[in-house]
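Those letters in the sequence shown? Residues 18 to 435, by our numbering. Every residue gets a Cβ at the ideal spot worked out from N, C-alpha and C, and that includes glycine. Only a predicted model underlies this, so the values are computations on that prediction, with no experimental measurement involved.
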Amino acid sequence: MREFENKIILIMMSYFLQVHTFVRIKPKSEMAKVNMDYDPLENIDKDVDCYYLIEKRNYPVEKHIITSDDGYRIAIYRIPGSPKNPTEKRLPVVLQHGLLATCAEWILFGPKHDLVFMLADLGHDIWITNSRGTSFGRSHLTLSPDHDPEFWEYSYHEMAVIDMPNIVDYVLNITNEQQVMYIGHSMGTAISYIFLSTRPEYQQKVKLAVSFTPVAYWYDPQTSFIGSVKAGLPGLVKVFEGSKIYEVFPSSPLLKNLVTILCNNRDSTVQNLCQFLIDVNFGKDNDQVPDLSVLAKVVRYIPGGTSRQTLKHFVQNIVEGDFRPLDFGPEKNMIKYGTPYVLPYNLKNISTPFALFYGLGDMLLAPHNIIYLSKVLPNVEVVEAVPYEKFNHLDFVLAKDVKRLLYDRVMEVMARYY
18 MREFENKIIL
28 IMMSYFLQVH
38 TFVRIKPKSE
48 MAKVNMDYDP
58 LENIDKDVDC
68 YYLIEKRNYP
78 VEKHIITSDD
88 GYRIAIYRIP
98 GSPKNPTEKR
108 LPVVLQHGLL
118 ATCAEWILFG
128 PKHDLVFMLA
138 DLGHDIWITN
148 SRGTSFGRSH
158 LTLSPDHDPE
168 FWEYSYHEMA
178 VIDMPNIVDY
188 VLNITNEQQV
198 MYIGHSMGTA
208 ISYIFLSTRP
218 EYQQKVKLAV
228 SFTPVAYWYD
238 PQTSFIGSVK
248 AGLPGLVKVF
258 EGSKIYEVFP
268 SSPLLKNLVT
278 ILCNNRDSTV
288 QNLCQFLIDV
298 NFGKDNDQVP
308 DLSVLAKVVR
318 YIPGGTSRQT
328 LKHFVQNIVE
338 GDFRPLDFGP
348 EKNMIKYGTP
358 YVLPYNLKNI
368 STPFALFYGL
378 GDMLLAPHNI
388 IYLSKVLPNV
398 EVVEAVPYEK
408 FNHLDFVLAK
418 DVKRLLYDRV
428 MEVMARYY
């Protein structure tokens, strides 16, 4: 166990040391040098832009910039129809990615594999979101992500309480609809629970919420990987705080090049290292990973970065096993939440119907915690394990047989709400 923990910590630390050696938040005295006319959302590298990934599959695509109530500017991507079914019109679907991912997680492999294209073919109006602080959300009306630590003062609580209501309102306004369907993966599921419990006026605006790898409770996780996370990540967060690192796991050309070299090299020793990286992320002996080169493809787009506070929020809930807002201490809690102590999110007041899907091979989530969540949420229509014993956390978007194992069932459940 200790050797495995050390490997995880070493991988994380070496990554951050390489990425952040030349990255720092500049002091206020240097603010005059900042070019605020540069808009990173309008200058995204074509090779990693979700617009390009959709367009090259010959689907109609639109790029929209949403400004949150607190000034964050976030790129979201719309697929308003399908060349295969241009006349059918169904409810809009909002898709929210997981931690460290971006919009790209939903569109990496094309129409025969990716759920968004299948839903577009059924007539759904697709809206693929990005979280603030990712490669597609590093923009703000007044703050610079490279110069202002204040830019990074958020966690997935703000993504849920501020960003998601803004996104849903925007989608309903553009489409002239009254309701959306919602699909979240990993952190995207946590965002849906927080969003709907803290903003109850939106419960009737979400006709169905689908959760891939539902992330909420971590009681007695029973996995060695989570045990390692609980042992290693709190110390890592403290290192980031002491080093004044505010952005974590940003998109890195170094990482992309390193993984591409490792996974495309035919030398057996080098390929073994690539295989180790795949085993850590997908689970050992997982037949659903297409081939070693898939990791090289994924890291072109993921990780997409997030804030240190987002990571700290996850660490807090993993260590405590509960599902609460980030605890800043009594004084700041009073200012931020109106109470000196953070209370668990009240999921029992959510009337929106949910469909929960989880993997039996998921190293991050124990099945009994999903079952517990299904008993807390008052309106769970479906709670199912994917019928493949090694189906893991990332298989929900990357597994080669994901359509047969999961998406066909998801579309069947969604059809009940037409």
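Quick check on residue i: buried or exposed, where buried means 16 or more other Cβ atoms within 10 Å of its Cβ?
i	result
residue 327	buried
residue 427	buried
residue 236	exposed
residue 221	exposed
residue 338	exposed
residue 66	buried
residue 379	buried
residue 210	buried
residue 115	buried
residue 86	exposed
residue 394	buried
residue 119	buried
residue 172	buried
residue 200	buried
residue 278	exposed
residue 305	buried
residue 271	exposed
residue 179	buried
Select from the options the residue whose C-alpha is nearest the C-alpha of residue i.
i	options	result
residue 110	187, 249, 198 and 74	198
residue 84	120, 152, 157 and 385	157
residue 101	80, 114 and 74	74
residue 401	219, 384 and 345	384
residue 117	358, 203, 419 and 345	203
residue 504	174, 273 and 107	Outside the shown range of the chain (18 to 435) lies residue 504, about which nothing can therefore be said.
residue 9	334, 213 and 252	What is shown of the chain runs 18 to 435, which leaves residue 9 out entirely.
residue 330	175, 406 and 189	175
residue 248	358, 333 and 196	333
residue 244	219, 345, 336 and 368	336
residue 216	395, 425, 364 and 80	364
residue 387	344, 412, 354 and 340	340
residue 152	140, 121 and 279	121
residue 362	281, 349 and 343	343
residue 140	123, 105 and 129	105
residue 370	392, 354 and 353	392
residue 218	420, 183, 127 and 357	183
Return the chain-ordered list of same chain residues with a C-beta closer than 7 Å to the C-beta of residue i, the five sequence neighbours on each side being excluded.
i	result
residue 255	none
residue 263	42, 166, 169, 324 and 325
residue 19	Because residue 19 sits at a pLDDT of 44, beneath the cut-off of 50, its placement in the model cannot be relied upon, and the following sentence gives the value as read from the coordinates. Excluding residues within five positions, none has a Cβ falling inside 7 Å.
residue 68	78, 80 and 94
residue 133	96, 112, 123, 124, 143 and 145
residue 208	113, 173, 176, 177, 181 and 201
What span of residues does the beta strand (DSSP E) with residue i cover, start to end?
i	result
residue 375	371-375
residue 398	397-402
residue 270	From DSSP, residue 270 is part of no beta strand (DSSP E) but of the alpha helix (DSSP H) over 270-281.
residue 90	90-96
residue 229	223-229
residue 79	79-84
residue 494	The question about residue 494 has no answer here: the residues shown for the chain are numbered 18 through 435.
residue 110	109-113
residue 145	142-145
Residues in its own chain within less than 8 Å of residue i by CB, not counting five upstream and five downstream?
i	result
residue 125	70, 131, 314, 315, 318, 414 and 415
residue 276	291, 294, 312, 313 and 316
residue 192	109 and 142
residue 396	367, 368, 369, 370 and 371
Give me, in chain order, the residues of the same chain whose beta-carbon lies closer than 6 Å to that of residue i; leave out the 5 immediate sequence neighbours on both sides.
i	result
residue 167	160
residue 99	137 and 138
residue 423	403
residue 381	410
residue 206	228, 231 and 232
residue 89	149 and 157
Between which two residues does the alpha helix (DSSP H) holding residue i run?
i	result
residue 331	325-337
residue 72	67-72
residue 391	384-393
residue 136	132-138
residue 353	347-354
residue 184	181-192
residue 431	425-432
residue 168	Unbroken run through residue 168: none, as it is neither H nor E.
residue 415	412-415
Would residue i pass as an interface residue toward chain D - the criterion being a Cβ-Cβ separation below 7 Å?
i	result
residue 195	Protein chain content of the structure displayed is limited to a single chain, and chain D is not contained in it.
| query | Does the segment 305-324 come close enough to the segment 261-280 to have 3 or more Cβ pairs within less than 8 Å? | reply | yes
| field | Sufficient close CB pairs (3 or more, under 8 Å) joining the segment 93-106 to the segment 137-151 | value | yes
| Any chance the segment 363-383 sits against the segment 223-239, with 3 or more Cβ pairs inside 8 Å? | yes
| query | Within the chosen definition, does the segment 212-229 reach the segment 415-435 through at least 3 CB pairs nearer than 8 Å? | reply | yes
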